[in-house]
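Structure first, then comments.
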Amino acid sequence: MTNQKDVGKVKLANQEVDDLKGHLDIEDRGSVLVVRVDGGPHSLFGLDIANQLDELVDRADNDPTVHAVVFTGAHPERFVSHADVRWLQEGGAEVPPVGPRGAAAIIRTAKSVDRIRALDPVVRKTPLWGAVQLDRMHETFLRMNRSGVVFVAALNGSALGLGAEFAWACDLRVMADGDFFIGQPEVLLGIMPGGGGTQRLTRLIGTHKSLVAILEGKPFTPEQALANGAVDEVVPPKNVIARAIELAGHFGARPKGSVAAIKRSVYFGGSMSLEEGLQVERTEFLGTAKSQDGQGLMIDYLASTDDTGELPFYDPDTYVRAIELGSVHGRRSRVNK
Amino acid sequence: MTNQKDVGKVKLANQEVDDLKGHLDIEDRGSVLVVRVDGGPHSLFGLDIANQLDELVDRADNDPTVHAVVFTGAHPERFVSHADVRWLQEGGAEVPPVGPRGAAAIIRTAKSVDRIRALDPVVRKTPLWGAVQLDRMHETFLRMNRSGVVFVAALNGSALGLGAEFAWACDLRVMADGDFFIGQPEVLLGIMPGGGGTQRLTRLIGTHKSLVAILEGKPFTPEQALANGAVDEVVPPKNVIARAIELAGHFGARPKGSVAAIKRSVYFGGSMSLEEGLQVERTEFLGTAKSQDGQGLMIDYLASTDDTGELPFYDPDTYVRAIELGSVHGRRSRVNK
Amino acid sequence: MTNQKDVGKVKLANQEVDDLKGHLDIEDRGSVLVVRVDGGPHSLFGLDIANQLDELVDRADNDPTVHAVVFTGAHPERFVSHADVRWLQEGGAEVPPVGPRGAAAIIRTAKSVDRIRALDPVVRKTPLWGAVQLDRMHETFLRMNRSGVVFVAALNGSALGLGAEFAWACDLRVMADGDFFIGQPEVLLGIMPGGGGTQRLTRLIGTHKSLVAILEGKPFTPEQALANGAVDEVVPPKNVIARAIELAGHFGARPKGSVAAIKRSVYFGGSMSLEEGLQVERTEFLGTAKSQDGQGLMIDYLASTDDTGELPFYDPDTYVRAIELGSVHGRRSRVNK
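The listed protein sequences correspond, in order, to chains W, G and Z. Position in the first sequence counted from 1, then plus 695, gives you the working numbering. Position in the second sequence counted from 1, then plus 695, gives you the working numbering. Position in the third sequence counted from 1, then plus 695, gives you the working numbering.
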């Protein structure tokens, strides 16, 4: 399929990658940021993308005007091809030859070391550097799960390995119909998913479907991904970004504090024992119940109930409008506005 | 939809609510109790219902003749509308302004305080009172999950918020077909589910479907609830209670000790790590294996195997009858009885 | 259905069981072992089978040339009927009369005692012997979950109780079409699943379907089992073993270290809290990334990318072949081989 000319062209591109490096193009659309992931000609997710993603999540999380982020691929047919394999290979080669217990110790040490980022120049020269980077990327994805920002993956094309794991770390996924695929082929490289795939795909589509897919290394077609819940919608390629922005606007219209509290309760509490999970829920609930948004909307709800004689959620028009707007406003507040 | 006359009527009803208060009507049908939840004209779940539910669960759990409880709504078109929002709003307003760490501390303190119920008159005057009530309601629902009693929600109509959470805390759900809905709209009030919704719906229909439903605040129709497993059956409204009683009788016919052990293993063990869950199962299993029911039925099973030359579960008639009766009785014991 | 003659015949068979005892017939087919479970005329899973299974798993796990094991039943219409009920009944009768807290203590003691197998002759005479045996069987099934060997249940017929639990402990399940069934009828005996059923079925088909099935005690038909994910494939009876061997070969072709790491991450990490699960994944990932298989295949992948100008996983032929072979080999290594 590739001829000499192609090889030559891409070889040139490969050399350029070192200079180009990956980067994120951020387009500000008010409450929604549209982010194009440019991983170079091969559309790879490497250290540069990881670092810029960490900054972006931090910014979106802390800026109260940002409610949602849409990620899409800069490559015409790929969301993210997969991780930069050189990054994984060199990271793996650096790990000292230890058993599983030793590996767990390295992970723990990496976690501690990462808290003191001033040490970076030192750590960069040690065999722990790969483990530290891995730990940071996990932390970035976890911050996405903890955040009041709604993250939507606009899968304009294929996504394997870390590309798929990046999509699983989002809250919603829209995928382009066509000859594309999404999945975890790592087993075929003698490794395994390392960006959260064994955990997030398992919680997304269930233990057994996740196990079989990851053990086999065969990706899902868009139809299969939709059928098993690995993506939320499959639409024609030209509509992927527009639909993702629409979903981002819809879900992002909810109070940011509620979104954060719900995401933390479901992603974290929902993966704990039932009793521990309920403890997380109670804590998050009290946080929202005393919030300005919560108090204001509840008082409005009570007043509207008194005024109209009916609970607003049992007035069909009011409930439908609330779902559209992202919060329920009683008859009175509507008149006042 | 509401005109002046209606508003007047309901306003009157609203005033009466303070006197009426919510209550549970309990109908004793032998091994099955049928409980009508009367939350006043708006069908709200407030503190009175919560307290009476706690007593009811206690009674059903401790009375060996009670094997199942069916809950249904006294309102013609609603199971439970949702929580009494005044209760949530005032509870939230009382929470001291603290961060998540502080909220977790309040929850922990509430848990300790709740162990010494003699303190109630004191606690009632503190900002912790709301958190204590929340903690008690969680404990009531957890006791339902731990119990050998089979709880069936007969959803004669709609259920939102705490109404839905009450249904998720049951073991089985039958819902009326029609223009009804069930779900968690809390996000639209700037709050989030606080009665276990983020935990039990997540474990019932899976992490992602639960996340999307709770983030959006849009309820399920009966058909959608059935399709995603949020309810077990959808039947014509006039059949809801009869069908729920039928299921209550069927599942309640099983040995109460086995039902309790299975519920604890699945609800609690099933939400822990695999190794911890297996530890729960082993413990519960030994409890049933040495029980009078277990020993008697196993000895009977062995004798019947010897008498007939076939394992009773591999005699189709015997197995079908066992499923109907709730326990397997070999040929010999059938003749003797 | 059974007449005097049958009864006589089987009674004789029953007496023979004590002499025959259960055993495993192991057929060596290179990287795949085909194991026929012979539980005597009633096809029961008792202590002998448990002990031989433990040895087999140990052998398969430690022999680098063994990549998969297929289990099937020696009985013409049954995989494993269920546990030897005498074993359960006597084990239960031995448990001292204690509450749940006491049972938990017995389980813990059994776990400690089991570490010192030299004590067996002593323990055999104590009431703990049943608990120790239970603990060992759980440990055998857990070792199957931790192992780099792919275990496939070739369900040539029905499987109840421990027979079903043995199948849930495998990685894949192929079931014969026909008048067969698989499930957990223990509740009808006044006991509950004790071989992992409440935990593994719950994680396989979801909390609620598992709860209902185990509470009711009614088994799944092959079609139902397929529909809810309790088995992977249903094929004509004569094809069951061949198809299971095919799957064993396909999945067993993956690098054994990757298979083990993936199974541990999904089965164990996937049942923990999200953050704990990610910790397990990171540890397992580093183990594979520095492995010989991983380093060799990644270096080959990078070289092939340079040579062809395309990522091998984005060359359709290469990816399809990798799924067939179990590992991805770039153009260069293919030429060299």
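From the three backbone atoms N, C-alpha and C, an ideal C-beta is built for every residue, glycine too. Computed from a prediction, not measured in an experiment: that's the story for all the values here.
{"Check": "How is Z:K700 classed by DSSP in three states: helix, strand or coil?", "Outcome": "Its pLDDT being 38, under 50, Z:K700 is placed unreliably by the model, and the measurement read from it follows with that caveat. It is helical."}
{"Check": "For W:M832, does the three-state DSSP call read helix, strand or coil?", "Outcome": "helix"}
{"Check": "Taking only heavy atoms of the ligand SAH into account, decide whether any of them is closer than 6 angstroms to the Cβ of W:G885.", "Outcome": "Ligands are entirely absent from the displayed structure, and the ligand SAH is therefore not among its contents."}
{"Check": "In this structure, does DSSP put Z:K1032 in helix, strand or coil?", "Outcome": "Bear in mind that a pLDDT of 38 at Z:K1032, under 50, signals an unreliable position, so the model cannot answer this."}
{"Check": "So with CB distances below 9 angstroms, who are the chain Z contacts of W:Q828?", "Outcome": "Neighbours of W:Q828 on chain Z: none; closest Cβ ~11 angstroms, over 9 angstroms."}
{"Check": "Taking the beta carbon of W:A931 as the centre, do at least 16 other beta carbons fall within 10 Å, making it buried, or is it exposed?", "Outcome": "The residue asked about is misnamed: residue 931 of chain W is Pro in this sequence, not Ala. When all chains shown are included, W:P931 counts as exposed."}
{"Check": "Evaluate W:L1020 with the Cβ neighbour count: other Cβ atoms within 10 Å of its Cβ, from every protein chain shown; 16 or more gives buried, anything less gives exposed.", "Outcome": "exposed"}
{"Check": "Between W:H718, W:H737, W:P880, which has its C-alpha nearest Z:D1001's C-alpha?", "Outcome": "W:H737"}
{"Check": "Counting only the same chain and skipping the five closest in sequence on each side, list residues whose C-beta sits under 7 angstroms from that of Z:N709.", "Outcome": "Caution applies to Z:N709, whose pLDDT of 44 falls short of 50 and renders its modelled position unreliable; the value that the coordinates give is listed next. If we look at Z:N709 and ignore the five residues flanking it on each side, it has no Cβ neighbours."}
{"Check": "To the nearest angstrom, how far is it from the Cα of Z:L640 to the Cα of Z:H762?", "Outcome": "Since the first residue of chain Z shown is 696 and the last is 1032, residue 640 of chain Z is not available in this structure."}
{"Check": "Give me the Cβ distance between G:D988 and G:P950, rounded to the nearest whole Å; I'm assuming they're in contact under 8 angstroms.", "Outcome": "4 angstroms"}
{"Check": "Which of the residues in the segment 961 to 982 of chain W, read from start to end, lie with their CB under 7 angstroms from any CB of chain Z?", "Outcome": "Y962, F963, S966, M967"}
{"Check": "CA-CA distance, Z:T902 and G:L899?", "Outcome": "6 angstroms"}
{"Check": "Report the start-end ranges of each beta strand (DSSP E) in the segment 923 to 997 of chain W that is 3 residues or longer and not cut off at the edges.", "Outcome": "928 to 930"}
{"Check": "Please say whether Z:L855 and G:F1008 have beta carbons closer to each other than 7 angstroms?", "Outcome": "yes"}
{"Check": "Provide the residue(s) that pair with W:D733 in DSSP beta bridges, ordered along the chain.", "Outcome": "W:H718"}
{"Check": "Do the segment 880 to 897 of chain G and the segment 960 to 974 of chain W meet, that is, are 3 or more Cβ pairs less than 8 angstroms apart?", "Outcome": "yes"}
{"Check": "Within a Cβ cutoff of 7 angstroms, which residues of the same chain sit near W:S960, ignoring the five residues on either side of it in sequence?", "Outcome": "V975, E976, E979"}
{"Check": "What did DSSP end up calling G:V1023 once you bin it into helix, strand or coil?", "Outcome": "coil"}
{"Check": "Would you give the residue range spanned by the beta strand (DSSP E) that Z:A766 belongs to?", "Outcome": "What sits at residue 766 of chain Z in the sequence shown is Phe, not Ala. Taken as a continuous stretch (DSSP letters only), the beta strand (DSSP E) holding Z:F766 covers 763 to 768."}
{"Check": "At least one CB of chain Z closer than 7 angstroms to the CB of G:K985: is that the case?", "Outcome": "yes"}
{"Check": "Can you tell me where the beta strand (DSSP E) with Z:V780 in it begins and where it stops?", "Outcome": "Where Z:V780 is concerned, there is no enclosing beta strand (DSSP E), although the alpha helix (DSSP H) it sits in stretches over 780 to 789."}
{"Check": "Within this structure, are the beta carbons of Z:A848 and Z:A862 separated by less than 7 angstroms?", "Outcome": "yes"}
{"Check": "Between the C-alpha atoms of G:I721 and W:S905, what's the straight-line distance to the nearest angstrom?", "Outcome": "46 angstroms"}
{"Check": "Any C-beta of chain Z sitting closer than 7 angstroms to the C-beta of G:D756?", "Outcome": "no"}
{"Check": "Starting from the beta carbon of G:D743, find every residue of chain Z whose beta carbon is closer than 7 angstroms, and list them in chain order.", "Outcome": "Within 7 angstroms Cβ-Cβ: nothing; G:D743 doesn't reach chain Z, min ~30 angstroms."}
{"Check": "What does G:A905 reach in chain W if we use C-beta pairs closer than 8 angstroms?", "Outcome": "Position check: residue 905 of chain G holds Ser in this sequence, whereas Ala was assumed. The answer, in chain order, is V961, G965."}
{"Check": "Using DSSP with H/G/I as helix, E/B as strand and the rest coil, what is Z:V867?", "Outcome": "Going by the sequence as given, residue 867 of chain Z is Leu instead of Val. Z:L867: strand per DSSP, three-state reduction."}
{"Check": "Anyone know if the C-beta pair for G:E727 and G:G944 falls short of 7 angstroms?", "Outcome": "What sits at residue 727 of chain G in the sequence shown is Val, not Glu. Going by C-beta atoms, G:V727 is nearer than 7 angstroms to G:G944."}
{"Check": "Give every residue of the same chain whose Cβ lies closer than 6 angstroms to the Cβ of W:S966, excluding the five residues on either side of it in the sequence, and list them in chain order.", "Outcome": "none"}
{"Check": "Rounded to whole angstroms, what is the Cα-Cα separation between G:T760 and G:G725?", "Outcome": "7 angstroms"}
{"Check": "Would you tell me roughly how many angstroms separate the C-alpha atoms of W:W824 and Z:Q990, rounded to the nearest one?", "Outcome": "17 angstroms"}
{"Check": "Starting from the beta carbon of G:D988, find every residue of chain Z whose beta carbon is closer than 9 angstroms, and list them in chain order.", "Outcome": "L884, G885, I886"}
{"Check": "Starting from the beta carbon of G:H737, find every residue of chain W whose beta carbon is closer than 7 angstroms, and list them in chain order.", "Outcome": "L1006"}
{"Check": "Helix, strand or coil for Z:I1018 per DSSP?", "Outcome": "helix"}
{"Check": "If I follow the unbroken beta strand (DSSP E) through Z:V845, where does it start and stop?", "Outcome": "845 to 850"}
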